[in-house]
Every structure is written in structure tokens, then in C-alpha cells.
Amino acid sequence: MPTPRLSVLITAKDYGRFLPQAIASVRRQRLPRAAWELIVVDDGSTDDTAAVCRQYGDDVRYIYQDNAGQAAALNRGLHEARGEFITLLDADDWFYDDKLERLLARFESNPDIGMVHHRLDVVNEHGERLHTGPFRRRLDEGWLREQLIRYGGTWNAIVSAATSALAFRRRELEAVLPIPEAEFRTAADGYLATQMALRASIGAIHESLGAYRLHGHNHWAPATLTVDWIRGRYLRPMAVVSDLVRARVPEQAAQVRLTDDRVYMEYQCLAEKLEGNWRGAANSFRVFLGAVARDRRINFFNKLWRALAVFSMLLLSFPLYARLKHWYARSQPAYAVRTKLLPTSPCVR
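Under our numbering, the first residue of the sequence shown carries the number 703, and numbering increases by one thereafter.
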């Protein structure tokens, strides 16, 4: 069997209803069939994920494991992957037809590139386009080590998109594997992005090459937002990945401070509010304002927007704030207004 140039890795957990669209999007790629392989790692699904995968025969390499989290599923799939380049796809997202062709061309344009990322169209549960992410018009690219150190050492230091926008050169990726499984049951893609930024150049394609689906509880659904969820889903993984970056740059370790990560401080403020720790929340808000003020990547109006958004989180009841956040993520008019009134400034690293 010839070795493929590209491996597409899907990790799935009870997303059988979305998986056919993800698989079909890979099978429709313009790149010749012999140039890619598709691996699905089923992380303990209890739905029809296995049956969905098996109906595609040899086009899908299906691997089942007991539920162990995102890092374990990725580690298993990355171990099985044979391609020179590996790209990730969440089971509820999909690729556009030219994605693999464009990825391959970008990697081949510069042998120093260890990771390539691109924009994603954000769609609702029915696949209707809402807007394009991330909000910033241009993704970060090049050597991002110093930027990562300056802004806290987490994935928030890099303007990028979600899991389904990430692809890696195998020789660089292998140097940062395995992903720590206990620490990254979620947010394992954040580990990969930050570790790659420390060791290789990052390439960007400033167009949407796929769709990221908002649905159910995968983004700011009020029913799922608890202190444990916020700390487990966001704060702890951010703290761990920042510590790992700090360990990789001992000569600059003192410069890697989570208090420089405005997103981390926003979630810290929210968690403390939910815990009833108003003094802690007020202090975190003060630290958040400092991080926003120091952030040279965004202009004054965006700084003001972010400060007002977090201040409103402190003032409003949490259910109301969560509903507003949930609505905003899915609102085409809100995105259009923000784009018009709050244009982003060029990135200054």
C-alpha cells in the first residue's frame, strides 16, 4: 500500500449524526485519492459512530478505544497516521473541497513550516453560515515564539482557529508527542499549537477552508456553564499549557505570565463571580484590564469593547450574561456590526 502524503485524523465521541458530512468532505477532496488517508478514532461512543464509519469500507480506518479524552484519542490516531503531513478534523465540522490541496501547497512552499492553520466559516447546527472566524482578519504566521512568551504562553497568544483548522508536518510534530493525556482530556489542540510555535515556523492560509459547527453545548450554552466546567474546560488546561511553555524556555520563564493572557483572566473573573468570591472577581477584573492595556495586537476601540464586555459580565446575572454570549456567538448582525464599528488593527508583536 503506497504511503499517503496527508493523513486526515478525526476524533469522535457520540457525533454519529454529524460524521457522514465530515467523512464526505474528505472523500470529495480534489487531491488524488492515493495522496491521503482518513482515520477515525472513536473515543468510546455509545451511538452509531462505528456503523457510520464501517459503511465506507477501506476509505476509513476506524479505531475504537474506551473513552479517555481528546489527548488520548489524538495520540492514538497520530501514532497510526502514515502521512508526511497530518491534519485534524472534528467530527462535527467539515472541509471544503480544496483544503488538502491548499495545505499541501503551503507546506511545500517553505520547509521550515511545522504547522499550517487557516480560517473557518462558523455555521449553525443546520450548516447555515453565520460568520467567519477568528474575528481578526489575518492569522498569525511566521516565528511566533516571542509572541507566545509575551502573552502568557497559552493558545490565546496566537490568532488562530479551532481544531479543524490545524495541520502539522510530521517530523516537527513527533518532537512534541505524546500529548499529556491526564492534563488534556480537552484542549489538546491548544497543547499542539503552542508547542509547535516554540519550535517551528507557522504558516497561514487567510481564507476559510472548512466549516466549524456551533450546536447544542459546544459553545457557551447556559445549561453547561458551571464553575467546574469553566475551570476544567478552560482555566486548568490554559494553566498547564502555560507551565509547559515556561518549562521549554527556562531562560525566559519569568516572562511567561498567565496574567498577560486577557482571555484567561476573563474566565478567572467569571469563575470567581460564580463562586461568590466578589473580591477575587474584582481583583481578576483589574488584572484583566492590565492585560488588555498591554496587548499591542488590538487597537483602542477593541480594548474598550473587551473591557465593557467583561464589566457587563460582572454586572449582569449569570444566566442573562450566558444567554447573551450564546446569542452573540450565533448572530450574523452582531458580527457585522462589530466588523464595521470595531475594525481590527494590524498585529504588532
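For glycine and all other residues, C-beta sits at the position ideal for the given N, C-alpha and C.
Euclidean distance between Cα positions of residue i and residue j
i, j, result
"A892", "L721", "Note that residue 892 is Gly in the sequence shown here, rather than Ala. Their backbone Cα atoms lie some 23 Å apart in a straight line."
"L776", "V743", "8 Å"
"F886", "K1005", "30 Å"
"R756", "F837", "38 Å"
"G844", "L1016", "37 Å"
"A923", "Y966", "Low confidence applies here, because A923 scores a pLDDT of 49, under 50, leaving its location unreliable and the question unanswered by this model."
"R959", "V762", "43 Å"
"L780", "D749", "24 Å"
"A973", "R778", "33 Å"
"L806", "L733", "9 Å"
"F1020", "I815", "43 Å"
"V825", "Y798", "13 Å"
"R915", "L894", "21 Å"
"A774", "A949", "22 Å"
"P952", "A899", "16 Å"
Cβ neighbour criterion (16 or more within 10 Å) applied to residue i
i, result
"L1022", "exposed"
"Y1030", "exposed"
"N858", "buried"
"T856", "buried"
"W738", "buried"
"H908", "exposed"
"E977", "exposed"
"H828", "exposed"
"F1002", "exposed"
"R996", "exposed"
"M817", "buried"
"T713", "buried"
"G905", "buried"
"G918", "exposed"
"P1035", "exposed"
"R1077", "What the structure shows of the chain is the stretch from 703 to 1051, and residue 1077 is not part of that stretch, so it cannot be assessed."
Integer-rounded CB distance, given that residue j should sit under 8 Å from residue i
i, j, result
"T834", "R821", "6 Å"
"A754", "L740", "According to the sequence provided, residue 754 is Val. The question's Ala does not apply to it. About 13 Å; that fails the 8 Å criterion."
"A1024", "L927", "5 Å"
"L791", "L875", "With 8 Å as the limit, L791 and L875 do not qualify as a contact, their Cβ atoms being about 16 Å apart."
Assigned secondary structure, residue i (DSSP; H/G/I helix, E/B strand, else coil)
i, result
"F787", "strand"
"V943", "helix"
"Q957", "helix"
"S1033", "coil"
"E843", "coil"
"V951", "coil"
"D760", "helix"
"S709", "strand"
"Y969", "helix"
"I851", "helix"
"F720", "coil"
"D749", "coil"
"M898", "helix"
"Q772", "helix"
"R999", "coil"
"P924", "Low per-residue confidence applies at P924: pLDDT is 47, beneath 50, and the placement is therefore not dependable, though the value from the model is reported in the following sentence. Correct three-state label for P924: helix."
"S862", "coil"
"A984", "helix"
"F837", "coil"
"R821", "strand"
"Y914", "strand"
Under 8 Å between C-beta atoms of residue i and residue j
i, j, result
"Q767", "D745", "yes"
"F787", "A889", "no"
"R784", "S709", "yes"
"S747", "G771", "no"
"S1053", "H819", "Any answer about residue 1053 is impossible in this case: the structure gives the chain only from 703 up to 1051."
"G912", "D795", "yes"
"A877", "R901", "yes"
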